[in-house]
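Have a look at the structure below, then the notes.
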Amino acid sequence: MADLKAKVTLQKKGDEAYVSVKQLMVTLKWTKDIDLDLMAFYKAKDSRTGGVFSDNYPGGSMGSLNEFPFIQLSGDAGVGAKGGDNEEILRITKLDDLAELYICTLNYTDASEKKDASFSNYDGGIVVIDDKGESVAVPLDSTEPGHVAVIAKIDNTGLMGAKLINENRIVTLETFFSDIPGANKLAG
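Sequential numbering of the sequence shown, starting at 59, is according to the numbering used here.
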């Protein structure tokens with residue numbers, strides 16, 4: 059099992075916790091022999107949409123911490139479905155302009171083989187750490203089969219600040235492209 063050490067764990071779908079809007083580091087961890095790809099898709103407060111995902115995909119961009127959307131992806135781990143201490147990291151330096159941010163993973167191995175498997179088979183999850191070192195974990199434990207997991211959502215529209223919400227929602231690629239703001243950029 060991937061080690062998801064955190065101060066708070068959002069165990070159930072719908073669980074939520076407030077997070078700092080200064081800086082965040084989101085780490086997707088897993089050990090099984092599967093290629094998971096961490097991605098972030100957003101809707102800005104001015105209605106712009108987009109995403110940060112591996113440049114191994116057509117139209118992909120690793121992002122930048124110095125320009126909008128102020129999100130950067132570390133790289134691609136688990137390529138070739140290699141097991142071990144796999145992790146991919148998203149760094150976020152500014153959430154001010156974003157209304158919604160969706161943290162997702164695509165099961166590249168199963169999607170490319172057109173095989174439906176459950177993400178709960180792959181011992182993954184994310185840990186979100188803010189600039190004060192506070193951490194929140196969201197296990198990737200949905201038993202529903204599918205290729206895309208919407209792991210968590212950051213809702214930055216409330217007066218109390220940004221909320222990290224456990225989504226653990228498994229969707230088809232078609233639903234992903236139509237329902238998640240900016241995900242259609244992945245479709246090409």
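We treat Cβ as the ideally placed atom computed from N, Cα and C, and that holds for glycine.
- Message: By the DSSP assignment, the beta strand (DSSP E) with Ser55 in it spans what residues?
- Response: The structure shown does not extend to residue 55, since the chain is modelled only from 59 through 246, so no value can be given for it.
- In whole angstroms, what is the alpha-carbon distance linking Lys243 and Leu198? If you draw a straight line from the Cα of Lys243 to the Cα of Leu198, it comes to about 24 Å.
- Message: Here's the rule: buried if 16 or more other CB atoms are within 10 angstroms of the residue's CB, otherwise exposed. What is Lys190?
- Response: Classification of Lys190: exposed, given that the 10 Å Cβ count is below 16.
- 8 Å Cβ cutoff met for Ala210 and Phe177: Annotated as distal: Ala210 and Phe177, with beta-carbon spacing of 8 Å or more.
- What separation, rounded to the nearest whole angstrom, lies between the Cα atoms of Ile223 and Glu171? Each residue's CA atom was taken as its position, placing Ile223 and Glu171 some 30 Å apart.
- Message: Less than 8 Å between the C-beta atoms of Ala241 and Gly109, yes or no?
- Response: Cβ distance < 8 Å, so Ala241 and Gly109 count as in contact.
- Query: Can you tell me the Cα-Cα spacing of Met59 and Gly182, whole angstroms?
  - Reply: For Met59, the pLDDT reaches just 47, beneath the cut-off of 50, and the residue's location in the model is therefore unreliable, leaving the point undetermined.
- Query: What residue ranges within the region 150 to 221 form continuous alpha helix (DSSP H) runs of no fewer than 4 residues, ordered along the chain?
  - Reply: List check, alpha helix (DSSP H) in window: 166 to 170.
- Message: Measuring alpha carbon to alpha carbon, tell me which residue in Ala75, Leu156 and Gly117 is nearest Thr251.
- Response: It is not possible to answer for residue 251, since the shown part of the chain is limited to 59 through 246.
- Near Leu123, which residues of its chain fall below 7 Å by C-beta distance, leaving aside the five closest residues on each side in sequence? Same-chain partners within the cutoff: Gln130, Arg149 and Thr151.
- Item | Reduced DSSP secondary structure (H/G/I, E/B, other) of Ser112 | Here Ser112 carries a coil assignment [DSSP, helix/strand/coil].
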